[in-house]
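Below you'll find the structure, written out as structure tokens, and then a few comments.
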Amino acid sequence: MPDIPVLLVAVVAIALLFDFTNGAHDSANAIATVVSTKVLSPLTAVCMAGVLNLLGAFLGTAVAHTMGSGIVRPEVMSGSQGVVLAALMGAILWNILTWYWGLPSSSSHALVGGLIGAAVAYGGWDTPSYGSIAHKVLLPLVLSPLAGFGAGYLLMVLLSWLVRRSTPHRVNGVFKKLQILSSAFMATSHGLNDAQKTMGIITLALFLGGTIPEMTVPFWVKLACAASMGLGTASGGWKIVKTMGHKIFKLEPIHGFAAETAAAMVISGASALGAPISTTHTISTTVIGVGASKRLSAVRWGIAGRLVVAWVMTIPAAALASATCYWLLSITGIAR
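Below is the structure:
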């Protein structure tokens, strides 16, 4: 079995790889609508999103604390960094599969499922923190898509009323400019929620290995996670952009502004409460809400159904993948 420092280096490296894949996988959340409405070019959009994801990662640590100590019980797993390694491996595997299939599943819930599966494989069913999971993960899992749908629907109804006397040409001109701001808000909120998740995972690994005395996120962890997510976002996730920006509902600039603004509001609120919600769930349902405000038939509900299937599958599938990874690491002597 390798010594703890070597294993810790591996955990940190793979965590940053996960953050990179998270940025690439979820870049669609911040840029799909602004690209699909042709407000910004793909290159400009991903560069802007990458920088603002990095900025957002420094704006809080509430979600990092939840990921580090609210999913599994750190005191039960003292010294077992292999659990964290297996959780990351399972989450990355699920991210890659859903990226290949072009499904906007949740990287956040892949990581949560990975932690749960690896922890159960290590210490049994008493290892997860079920109360915290129910309060900080499962409840937001249900509420955030509903909030996204409602916020998108209501904001679009309000905007439609405000511009009812304007010409389509004037409306498009105004909201093409406003959508740059809404996309920036969305990218910043994405970094605020998603980058913190990997910060919490790395902090958990450092604590389990005795490298830090308490569950406080070191500055270098914030910097490394922010940079990894920013680079991942800048790499783009074009299959998912196509699904988000074109297949759910045909977007105009006013629709993109409404969807991005509503989603960013929901994500920022959840981040303040320390809830690691899915930014993918949220922007998907705001797009659906915006489309439904026009007419229900404007939404391609078959595509929405595929998204629901991916959401439901993510936690159990990632948990199974991570439990398998932990079993393989145990056989090879890497994990204990």
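Each residue of the sequence shown is one higher than the one before, counting from 24 in this note's numbering. A virtual CB, placed ideally from N, CA and C, is assigned to each residue, including glycine. It should be emphasised that the depicted structure is a prediction, and the values quoted were computed from it without experimental measurement.
| message | What does the Cβ neighbour count give for E283, buried or exposed, with the cut at 16 atoms within 10 Å? | response | Along the sequence shown, read from residue 1 onward, the residue named residue 283 stands at position 260. It is buried - the Cβ of E283 has at least 16 other Cβ atoms within 10 Å.
| request: Using alpha carbons as the reference points, say which of A281, G292 and S291 lies closest to T309. | output: Mapped onto the sequence shown, residue 309 falls at position 286. When each option's Cα is compared against that of T309, the closest is A281.
| Alpha-carbon to alpha-carbon, A207 and S130 | The count along the sequence shown starts at 1 and reaches residue 130 at position 107. The count along the sequence shown starts at 1 and reaches residue 207 at position 184. Taking the straight line from one Cα to the other gives about 21 Å.
| query | Can you tell me where the alpha helix (DSSP H) with I225 in it begins and where it stops? | reply | Walking along the sequence shown from the start, residue 225 turns up at place 202. Taken as a continuous stretch (DSSP letters only), the alpha helix (DSSP H) holding I225 covers Q219 to L231.
| said: Using the Cβ count rule (16 or more neighbours within 10 Å means buried), how would you classify S345? | reply: Position 322 of the sequence shown holds residue 345. Per the 10 Å Cβ criterion, buried.
| message | Let me check understanding here. Comparing Cα to Cα, which of E237, N118 and Y123 lies closest to E98? | response | In the sequence shown, the residue the question calls residue 98 occupies position 75. Ranking E237, N118 and Y123 by Cα distance to E98 puts E237 first.
| said: Looking only at its chain, what residues have a beta carbon closer than 8 Å to the beta carbon of L254, apart from the 5 residues adjacent to it on each side? | reply: For the purposes of this step, residue 254 is identified with residue 231 of the sequence shown, where counting begins at 1. Hits under 8 Å: F43, G46 and G73.
| task | Report, in whole angstroms, the separation of the C-beta atoms of V95 and A142, which I expect to be a contact under 8 Å. | result | By one-based count along the sequence shown, residue 95 stands at place 72. By one-based count along the sequence shown, residue 142 stands at place 119. About 4 Å separates the two Cβ atoms, so the contact holds.
| Counting pairs of Cβ atoms below 8 Å between the region 157-165 and the region 73-82, do you hit three or more? | Because the criterion of three Cβ pairs below 8 Å is not met, the region 157-165 and the region 73-82 do not touch.
| Option in L182, I235 and V34 with minimal Cα separation from G105 | In the sequence shown, residue 105 corresponds to position 82, counting from 1. That would be V34, whose Cα lies nearest to the Cα of G105.
| message | I believe H11 touches I290 by the beta-carbon criterion, under 8 Å. Please report the beta-carbon distance rounded to the nearest angstrom. | response | Outside the shown range of the chain, which is 24 to 359, sits residue 11, and nothing can be said about it.
| message | Just to confirm before moving on: does the CB-CB distance between A293 and N216 stay below 8 Å? | response | Your numbering for residue 293 matches position 270 in the sequence shown. Your numbering for residue 216 matches position 193 in the sequence shown. Cβ distance < 8 Å, so A293 and N216 count as in contact.
| query | Sorted by chain position, which residues of the same chain lie with C-beta nearer than 6 Å to G91's C-beta, five sequence neighbours on each side aside? | reply | Translated into positions along the sequence shown, residue 91 becomes position 68. Excluding sequence neighbours, G91 sits near G223, T226, L227 and M238.
| message | Report the start-end ranges of each alpha helix (DSSP H) in the region 63-88 that is 4 residues or longer and not cut off at the edges. | response | 65-79
| Exposed unless 16 or more other CB atoms sit within 10 angstroms - verdict on F172 | Stepping through the sequence shown from its first residue, residue 172 is reached at position 149. Buried, since its Cβ has 16 or more Cβ neighbours within 10 Å.
| Quick one, which of V32, M100, A133 and E275 has its alpha-carbon nearest V338's? | Taking the first residue of the sequence shown as 1, we reach residue 338 at position 315. It should be noted that the sequence gives Ile, not Val, for residue 338. For I338, the nearest C-alpha among the options comes from A133.
| said: Suppose you measure from the CA of Q202 to the CA of L66; what does that come to, to the nearest Å? | reply: In the sequence shown, residue 202 corresponds to position 179, counting from 1. In the sequence shown, residue 66 corresponds to position 43, counting from 1. The alpha-carbon atoms of Q202 and L66 are separated by roughly 16 Å.
| Any idea if A174 is buried or exposed, counting beta-carbon neighbours within 10 angstroms, 16 or more meaning buried? | Numbered from its first residue, the sequence shown carries residue 174 at position 151. Classification for A174: buried.
| query | Under a three-way DSSP split, which group does V240 fall into? | reply | For this step, residue 240 is matched to residue 217 along the sequence shown. Here V240 sits in coil by DSSP.
| message | How far does the alpha helix (DSSP H) with L138 in it extend, from its first residue to its last? | response | Within the sequence shown, the letter at position 115 stands for residue 138. Run containing L138: S130 to G146, per the alpha helix (DSSP H) assignment.
| Candidates L77, W124, K220 and S301: closest to T211 by CA position | Locating residue 211 in the sequence shown gives position 188, where the first residue counts as 1. With distances taken between Cα atoms, T211 lies closest to L77.
| query | Which two residues bound the contiguous alpha helix (DSSP H) that contains K200? | reply | Taking the sequence shown and counting its residues from 1, one reaches residue 200 at position 177. Residues P191 to H213.
| query | Per DSSP, what kind of secondary structure is V32 in: helix, strand or coil? | reply | On the sequence shown, position 9 is the one that residue 32 refers to. Reduced to three states, the DSSP call for V32 is helix.
| query | Based on the DSSP output, what are the partners of P151 in its beta bridges? | reply | Position 128 of the sequence shown holds residue 151. Note: P151 sits in a beta bridge opposite V95.
| message | Nearest by alpha-carbon distance to S183: which of L343, K317 and T121 is it? | response | Counting from 1 along the sequence shown, the entry for residue 183 is found at position 160. The option with the nearest alpha carbon to S183 is K317.
| said: For L343 and A109, which I take to be in contact (beta-carbon distance under 8 Å), what is that distance rounded to the nearest angstrom? | reply: On the sequence shown, position 320 is the one that residue 343 refers to. On the sequence shown, position 86 is the one that residue 109 refers to. L343 to A109, Cβ: 12 Å. No contact.
| Mind checking whether S167 and H304 have CB atoms under 8 Å apart? | By one-based count along the sequence shown, residue 167 stands at place 144. By one-based count along the sequence shown, residue 304 stands at place 281. Against a cut-off of 8 Å, the Cβ pair of H304 and S167 comes out as a contact.
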